[in-house]
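Working notes for the structure below.
In the working numbering, the protein residues as written are 428 to 579.
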C-alpha cells in the first residue's frame, strides 16, 4: 500500500483514494520542463475533479522549496514531497515525470512517462481521464496553441 504525507501534514492513502474514485498520480519535480507541463495538469484537475478524479502530485524537492512553488503556482490539488524518492520505487520507475492514471478500485490503467512542455502527454492523459470519468475530453493544449498562433 502506498501512503504519503501531503503538504498539510495529512497522511494520504492511495487505497483510500482509489476506493472513492479514479486517481491521477504525477511523480514530478520543479524543473523547467515539469514546470511548463504543470499548467496542463492543473487544467486536467479542474476539468475532471467534479466527476470524481483526484490528482496527487508527488515532488522530489525539499518541503520548503515545494511550499514556495505551490504558492506561486496556486496549486489546487493534493501534493506531497518525497525527497528520498520512495514513490518512484513503489511505482517502479526512474523517469521524471511519470503519470499514473488509476481507476476506482486501484488498477493502473495508464502510464505516461517523460516530459512534453507543449502539453502533448498531458492531452493524452486528459483523454484517458475523461474516458475513466465518463465525460468528453478537454483539450488542455487548446489555449496554449492559440497563444502560439497569435505570436506568429
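Just so it is clear, CB atoms sit at the ideal spot from N, CA and C, and this is done for glycine as well. Since we're looking at a predicted model, the values are computed, not measured.
Please go through the same chain and pick out, in chain order, the residues whose beta-carbon is closer than 6 Å to the beta-carbon of residue i, but skip the five residues on each side of it.
i	result
residue 463	544
residue 565	474, 553
residue 514	454, 485
residue 533	445
residue 467	546, 549, 567
Around the Cβ of residue i, are there at least 16 other Cβ atoms within 10 angstroms (buried) or fewer (exposed)?
i	result
residue 525	buried
residue 510	exposed
residue 549	buried
residue 508	buried
residue 431	buried
residue 535	exposed
residue 439	buried
Please state if the CB of residue j and the CB of residue i are separated by a distance shorter than 7 Å.
i	j	result
residue 539	residue 560	no
residue 457	residue 488	yes
residue 449	residue 484	no
residue 445	residue 529	yes
residue 502	residue 433	no
residue 441	residue 482	no
residue 429	residue 517	yes
Under three-state DSSP, which class holds residue i?
i	result
residue 576	For residue 576, the predicted structure reports a pLDDT of 34, less than 50, and the residue's modelled location is therefore unreliable. A value from the coordinates is still provided. Note: residue 576 maps to helix in three-state DSSP.
residue 571	Legend: pLDDT at residue 571 = 42, less than 50; position of this residue unreliable, value from coordinates given subsequently. Three-state result, residue 571: helix.
residue 557	helix
residue 566	coil
residue 527	strand
residue 522	coil
residue 445	helix
residue 459	helix
residue 490	helix
residue 480	coil
residue 428	coil
Could you check which residue in the options has the C-alpha nearest to that of residue i?
i	options	result
residue 568	453, 469, 441	469
residue 465	523, 517, 437, 441	523
residue 476	447, 435, 495	447
Closer than 8 Å by C-beta to residue i: which residues in its own chain qualify, once you throw out the five before and the five after it? Chain order, please.
i	result
residue 558	564
residue 537	526, 527, 528, 552, 555
residue 497	434, 506
Would the beta-carbon of residue i be found less than 6 Å away from any heavy atom of the ligand SAH?
i	result
residue 544	Among the components of this structure there are no ligands whatsoever, and the ligand SAH is therefore not found.
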